[in-house]
Amino acid sequence: MEFCKQFNDRTKEMKQGAPIPVIVSAYADKSFSFILKNPPVSYFVKEFAGIASGSKVAGRAAAGRIAIDKVKEIAQIKMVDMSVDDLESAVNMVKGTARSMGVQVVE
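Numbering of the sequence shown is given in the numbering used here, commencing with residue 37 and proceeding in unit increments.
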């Protein structure tokens, strides 16, 4: 019950319905701690591209399009969760996710 209270308190400012990855650590004395992460890149790609899901046949049929400035925005948000040193690497990772979902990145 205490976890739910703390979780709800820490996520009340986040967008409702967004998937939130959580790392929970439970200890022998029945205490716990948890770390909240940002939603996955695929969530942001779908959100900014305005689509409900990725392509069923990625690489053959496009599911949507996303502008490069939105890709950079996603990269900046997710950079804390990615193990990268610079923005360019994060942008390339977001582009790869978009490509694997069948979303075209347009300049």
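C-beta: ideal position from N, C-alpha, C; glycine also.
Problem set entry | Endpoints, the alpha helix (DSSP H) within which G100 is located | DSSP places G100 outside any alpha helix (DSSP H); the residue lies instead in the beta strand (DSSP E), whose first and last residues are 100-103.
Problem set entry | Coil, strand or helix - Q140 by DSSP | Strand at Q140.
For this session: Figure out for me which residue from F68, D45, G53 has the closest Cα to the Cα of I59.
Result: Nearest option by C-alpha distance: F68.
For this session: For A88, name the three-state secondary structure that DSSP assigns.
Result: DSSP places A88 in coil when its eight states are reduced to three.
Exercise. Using the rule of at least 16 other Cβ atoms within 10 Å of the residue's Cβ for burial, across every protein chain shown, is A134 buried or exposed?
Worked result: So A134 counts as buried.
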